[in-house]
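Report on one structure; see the data block that follows.
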Ligand code: PMV
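Numbering (our numbering), first residue to last: 130 to 434.
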């Protein structure tokens, strides 16, 4: 066993297909550079400490805190092992659609693996982290944990092998926060209820999102950023019709388009959290971010070598 080991789980933005992905449709996500770092070291008892939240958890099978229960399950999946202290640094806003909870799970598993000398591929790490994610979101599709572990641009569909998408052109994404926190669990339940109430329009909506995902993948593979931007706009309209937008999210999307974004949409669960806007390059992205007047960051996606 190593004395200390470091793990990392990245955040993500969903370019097209959130929510529909829970109902079996594929979706396209991009891993982002910011994420969660964990350090595992031997300790007299098992302990999880999370900064900048200043919170400490002990593993607990039926504690009130989902983090304590998830931590217990994660550690017990390793069998016989020395006690560990896990120090976590979160560089993602929680409840913002950036996959914060999944990134914590992936970084913890990565650090514990390292401390115990276990080597597993990033794809397997992402799959195993689904169990962690279930403590926070009820019935997650798995897109957050898989993207957190693998990074890059990928097409995810439940029960199918994940595919990396090599983009033909570089582009930039502006991610801006509405300032409101949201609950993925509540938003997923809101969509499920609407789908149950209107099954035939639900089926048409899921088919349309599926078609948008196919168009988006083609656009990425062929470097057609204008077409990709139109997919983002249309997907946003669908998410809005599912009552996942807010006045703040509408203002941000409108301002991004007004400042030259090729498309803009809610990313992640909605009901608050972030938007993602597509920019042709980093220079345009800076202009868009400046126009938004919101907490934002820019993520550059490089074309495949
Ligand atoms: O808002 P986030 O980062 O939890 O992303 C949720 C994505 C959903 O499609 C809404 C849910 C899921 O499990 O895929």
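We treat Cβ as the ideally placed atom computed from N, Cα and C, and that holds for glycine.
Open item on the list: Taking 7 angstroms as the cut-off, is the beta-carbon of residue 395 closer than that to any non-hydrogen atom of ligand 1?
Closed with: Working through the chain shown from its first residue, we reach residue 395 at position 266. Not so, every heavy atom of ligand 1 lies at least 7 angstroms from the Cβ.
- [ ] Using beta-carbon positions only, say whether residue 235 and residue 182 come within less than 8 angstroms of one another.
- [x] In the chain shown, the residue the question calls residue 235 occupies position 106. In the chain shown, the residue the question calls residue 182 occupies position 53. No, the Cβ-Cβ distance between residue 235 and residue 182 is not below 8 angstroms.
Task: Rounded straight-line distance, which links the Cα of residue 204 to that of residue 212 - done: As a first step, residue 212 is located in the chain shown; it is residue number 83 there, counting from the start. As a first step, residue 204 is located in the chain shown; it is residue number 75 there, counting from the start. Residue 212 and residue 204: Cα-Cα distance of roughly 9 angstroms.
TODO: To the nearest angstrom, report how far apart residue 403 and residue 312 are at their CA atoms.
DONE: Within the chain shown, the letter at position 274 stands for residue 403. Within the chain shown, the letter at position 183 stands for residue 312. Residue 403 and residue 312: Cα-Cα distance of roughly 12 angstroms.
Task: C-beta atoms of residue 215 and residue 177 nearer than 8 angstroms - done: Within the chain shown, numbered from 1, the residue matching residue 215 stands at position 86. Within the chain shown, numbered from 1, the residue matching residue 177 stands at position 48. Yes, these two residues count as a Cβ contact at 8 angstroms.
- [ ] Examine ligand 1 and report whether any of its heavy atoms sits within less than 7 angstroms of the Cβ of residue 228.
- [x] By 1-based counting over the chain shown, the position of residue 228 is 99. Result yes, Cβ under 7 angstroms from ligand 1.
- [ ] Check the DSSP bridge columns for residue 344 and list the partner residues they point to.
- [x] The residue you call residue 344 lines up with position 215 of the chain shown. Answer by DSSP bridge pairing: none, since residue 344 is not bridged.
TODO: Taking all protein chains shown into account, decide if residue 425 is buried (16 or more other Cβ within 10 angstroms of its Cβ) or exposed.
DONE: As a first step, residue 425 is located in the chain shown; it is residue number 296 there, counting from the start. Residue 425 is buried by the Cβ-count criterion.
Task: Cβ neighbours of residue 254 in the same chain (closer than 7 angstroms, five flanking residues each side left out) - done: Against the chain shown, residue 254 aligns to sequence position 125. For residue 254, where only same-chain residues beyond five positions count, the Cβ hits under 7 angstroms are 235, 238, 239 and 278.
TODO: Could you tell me which residues DSSP puts in a beta bridge with residue 428?
DONE: Numbered from its first residue, the chain shown carries residue 428 at position 299. Paired residue(s): 302.
TODO: With DSSP collapsed to three states, give me the class of residue 339.
DONE: The sequence position of residue 339 within the chain shown is 210, counting from 1. In the structure shown, residue 339 sits in a helix (DSSP, three-state: H, G or I).
Open item on the list: Measuring alpha carbon to alpha carbon, tell me which residue in 296, 135, 411 and 159 is nearest residue 280.
Closed with: For this step, residue 280 is matched to residue 151 along the chain shown. Of the candidates 296, 135, 411 and 159, the one whose C-alpha sits nearest the C-alpha of residue 280 is 159.
Task: Helix, strand or coil at residue 158 according to DSSP, with G and I counted as helix - done: Counted from its first residue, the chain shown places residue 158 at position 29. Looking at residue 158 - three-state DSSP - the assignment turns out to be strand.
Open item on the list: Please identify the residue among 394, 385, 300 and 289 whose C-alpha is closest to the C-alpha of residue 411.
Closed with: On the chain shown, position 282 is the one that residue 411 refers to. Selected option, being the one with the closest Cα: 300.
- [ ] Give the range of the alpha helix (DSSP H) segment to which residue 256 is assigned.
- [x] The residue you call residue 256 lines up with position 127 of the chain shown. Segment 251-266, the alpha helix (DSSP H) holding residue 256.
Task: Closest residue to residue 282 among 360, 157, 247 and 197 (Cα-Cα distance) - done: For the purposes of this step, residue 282 is identified with residue 153 of the chain shown, where counting begins at 1. That would be 157, whose Cα lies nearest to the Cα of residue 282.
Task: Exposure label - residue 398; buried when at least 16 CB within 10 Å - done: Against the chain shown, residue 398 aligns to sequence position 269. It is buried - the Cβ of residue 398 has at least 16 other Cβ atoms within 10 Å.
Open item on the list: Please return the same chain residues whose Cβ sits closer than 8 angstroms to the Cβ of residue 297, not counting the five positions on each side in sequence.
Closed with: Numbered from 1 along the chain shown, position 168 holds the residue referred to as residue 297. Cβ within range, chain order: 349, 350, 351, 352, 432 and 433.
Task: Neighbour flag for residue 158 against chain D, beta carbons, 8 angstroms - done: The structure shown contains no chain D; it holds only a single protein chain.
Open item on the list: Can you find the residues in the same chain that come closer than 7 angstroms, C-beta to C-beta, to residue 389, ignoring five residues on each side of it along the sequence?
Closed with: Within the chain shown, numbered from 1, the residue matching residue 389 stands at position 260. Contacts found: 413, 416 and 417.
TODO: Please classify residue 247: does DSSP put it in a helix, a strand, or coil?
DONE: For the purposes of this step, residue 247 is taken as the residue at position 118 of the chain shown. If DSSP states are grouped into helix, strand and coil, residue 247 belongs with coil.
Task: Check: residue 402 C-beta below 7 angstroms from any heavy atom of ligand 1 - done: Taking the first residue of the chain shown as 1, we reach residue 402 at position 273. The answer is yes for residue 402.
Task: Status (buried if at least 16 other CB within 10 Å, exposed otherwise) for residue 355 - done: For the purposes of this step, residue 355 is identified with residue 226 of the chain shown, where counting begins at 1. Exposed: under 16 other Cβ atoms inside 10 Å.
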